[in-house]
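Let me begin by presenting the structure, written as structure tokens, before commenting on it.
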Amino acid sequence: LDCDVLQADGGTRTACITGGFVAFAQACKWMIDQGYINRLPFQERVAAISVGVVRNEELLDLCYEEDVQASVDMNIVMTDRGRFVEVQGTAEGTPFSRDRLNRLIDLAQGGLQQIFQLQAQGQAQIQSRRLPNQPRKGRRAQARLGGRARSLERACSACSEAHRAACVECEPEPVPQTL
1346 LDCDVLQADG
1356 GTRTACITGG
1366 FVAFAQACKW
1376 MIDQGYINRL
1386 PFQERVAAIS
1396 VGVVRNEELL
1406 DLCYEEDVQA
1416 SVDMNIVMTD
1426 RGRFVEVQGT
1436 AEGTPFSRDR
1446 LNRLIDLAQG
1456 GLQQIFQLQA
1466 QGQAQIQSRR
1476 LPNQPRKGRR
1486 AQARLGGRAR
1496 SLERACSACS
1506 EAHRAACVEC
1516 EPEPVPQTL
């Protein structure tokens, strides 16, 4: 995926990560509806947010003016299960303490929980709409694909068997069917 932010006041990298995931999830939904895949290829949502310290105040989702004044600037990328994808932070001036780092991570996690709720609400709205020419069931799409369905099979990275998605034995965690 390629993501461009057309207008922003800061946080373009975090906006691209968060919006990029939404676009990816929408593309996956389309692929399921068309019969190209039969389940979502991800298990967790992903989002990013910035945090920082401006005039000794810990702030969430810094705008441009706050970002350029920040004595500490961080980007946090997490999954909706609370797992870290990336933690990137810089002391622009004076080094900061471990206690401050923990508070900033907690602040980011709280903001990300709100973003995950918004992602879920947006995806629910998208999933409830049917696009024109979109099949009602995956079977119709599968029938139209005919022989092309086989070309979508690939070797499972865990067991080397050819199947369209990782098998249950290879991927023990259940994959949610809703976003």
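Heads up, the working numbering is the position in the sequence shown plus 1345, with the first residue counted as 1. Ideal placement from N, C-alpha and C gives every residue a C-beta, glycine not left out.
Contact between A1453 and I1362 fails: their C-beta atoms lie close to 13 Å from each other, not under 8 Å. A1415 places its beta carbon less than 8 Å from that of E1437.
Here the alpha carbon of E1431 sits roughly 8 Å from the alpha carbon of N1420. Between G1434 and D1418 the beta-carbon gap is near 7 Å, inside 8 Å, which marks them as a contact. Between G1397 and E1411 the beta-carbon gap is near 7 Å, inside 8 Å, which marks them as a contact. DSSP, reduced to helix, strand and coil, places E1410 within a helical segment of the structure shown. Contact fails between the stretch 1453-1468 and the stretch 1438-1445, because fewer than three Cβ pairs, one in each stretch, are under 8 Å apart. Following the DSSP letters along the chain, one finds I1377 inside the alpha helix (DSSP H) bounded by residues 1357-1379.
Non-local beta-carbon contacts of G1427 in its own chain, meaning distances under 8 Å to residues more than five positions away in sequence, involve Q1454 in chain order. In terms of Cβ geometry, A1360 and V1350 form a close pair [threshold 8 Å]. Beta-bridge partners assigned by DSSP to N1420: S1395, Q1433. When DSSP states are grouped into helix, strand and coil, L1404 belongs to the strand group. Taking C-beta separations shorter than 7 Å and ignoring five residues to either side along the sequence, the partners of G1364 in its chain run C1348, following chain order.
Between L1407 and G1456 a beta carbon distance of about 11 Å is seen, past the 8 Å cut, so the two are scored as non-contacting.
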